[in-house]
């Protein structure tokens, strides 16, 4: 019943408020100014980082130790989508180890890890290996043990988990693999 | 003029869509203290993927309410280093924790001990403001909130649920829990739980504390998880009956 009242009001408002602006030039992407305007207009909660065009993730290979990169290449090199996703995940772990010093930086690292895990476990990624999510789960845990093989890194990761505790992490959604491309060493 | 016509059509579409469809439910995974960050995140993806594979996902939104570890890993790591002085490999520690390698008996016992220790003092569970705020936001969007809580996450889920049901939101029936391997003594109305009689962590806790009785029997699966407690490797393992039961309960509650 309520929508019978809301509907005409919406129609009237749309008609009255729509500006007679000249048509915008056709472009494939929103301009930075448009992106900023949308970001400012949306009521995003404080825990969600607003992605600015200048803050794209760094290449995944950066900060991932050489031996870990070699380990990932030996294990997943024949499967580029999975290799790429695992490299992104290792970059997230590296960020958690090296750059998580307070709750905000732990949240940033956590979001990066969450996105990479969702990418590793995404149907599109698993399709290339013919495996299921349970298998992907095991791969993630095995790789994480390898990444934390140094006691100092292990300690740093435990600290990161403490900083991430009590925080909320949104599911990355339907396109978790849409991150900056990783640059192989 | 042409733009006005488009705006009119868009407004008509939005108003009609808004009146015809309620917002979909939010499914939130609430982990326990013995879940690593990666385990918690991967467990949510496993839950989401399993619901989708069974065509039980009706466009839900998902999230992780990541909980405190209460020093669980630091304590456990200390035991590991003491027991493993000659071959200190942090790699092995994480393999044991994640069940990627069969734990030696002392490690399994240390895990149960650490877990029981975290409850020994009957510590007061406090609300986690960011989690409760997120539940409020979902409710504000017209969503029902289904908390899928594992292990100690059940205690946090109960606290959050109590706040929202007893508070101004009066969210009875709008925030519900599907508890898994629960150490809690109760579930709120319209919530439910699944605990395996082979879960050694909950059985260990039962010795010192009152917990809800086991209501599922899936046998001993030492290769999957020696303790029979893991959300991903035991409870949501598609080879065991608990998986179907959990997914059905989530689906029924989420609508």
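Chains as they are written, first to last, in my numbering: chain W, 17 to 201; chain B, 393 to 647.
No residue lacks a Cβ here, since even glycine has one placed at the ideal position from N, Cα and C.
Source: prediction; values computed, not measured.
query	result
Would you say residue 580 (chain B) and residue 553 (chain B) are within 8 Å of each other, going by their C-beta atoms?	yes
Have a look at residue 201 (chain W) and residue 81 (chain W) and give me their C-alpha separation to the nearest angstrom.	Because residue 201 (chain W) sits at a pLDDT of 37, beneath the cut-off of 50, its placement in the model cannot be relied upon, and the point is left open.
Counting only runs that start and end within the stretch 432-490 of chain B, where is the alpha helix (DSSP H) found for 4 or more residues in a row?	464-475, 482-490
Among residues of its own chain, excluding the 5 on either side of residue 533 (chain B), which ones have a beta-carbon nearer than 6 Å to its beta-carbon?	415
Please check the pair residue 111 (chain W) and residue 128 (chain W), which I expect to be a contact at CB under 8 Å, by giving their CB distance rounded to whole angstroms.	6 Å
Mind checking residue 188 (chain W): buried by the 16 CB within 10 Å criterion, or exposed?	buried
In whole angstroms, what is the alpha-carbon distance linking residue 441 (chain B) and residue 152 (chain W)?	12 Å
CA-CA distance, residue 42 (chain W) and residue 467 (chain B)?	Here residue 42 (chain W) scores only 34 on pLDDT, less than 50, and its place in the model should not be relied on; the value that follows carries that caveat. Using only the alpha carbons, I get a separation of about 60 Å.
Count the other CB atoms within 10 Å of the CB of residue 578 (chain B); is the residue buried (16 or more) or exposed (fewer)?	exposed
Can you check whether the CB of residue 164 (chain W) is closer than 8 Å to the CB of residue 483 (chain B)?	yes
Have a look at W:181, W:97, W:102, W:99 and flag the residue whose alpha-carbon is nearest the alpha-carbon of residue 121 (chain W).	W:181
What number of angstroms, rounded off, separates the C-alpha of residue 439 (chain B) from the C-alpha of residue 448 (chain B)?	11 Å
Note down, in chain order, each residue of its chain lying with its Cβ closer than 7 Å to the Cβ of residue 610 (chain B), except the 5 sequence neighbours on either side.	588, 590, 632, 633, 634
Given a threshold of 16 other Cβ atoms within 10 Å of its Cβ, counted over all protein chains shown, does residue 622 (chain B) qualify as buried or as exposed?	buried
So is residue 456 (chain B) in contact with chain W if we call contact Cβ pairs under 8 Å?	yes
Strictly below 8 Å CB to CB, what residues from chain B border residue 133 (chain W)?	430, 433, 434, 437
Taking only beta carbons into account, state which residues of the stretch 100-124 of chain W come closer than 7 Å to chain B, listed in chain order.	none
Taking C-beta pairs closer than 8 Å, name the residues in chain W that residue 388 (chain B) reaches, listed in chain order.	No answer is possible for residue 388 (chain B): the residues shown for chain B start at 393 and end at 647.
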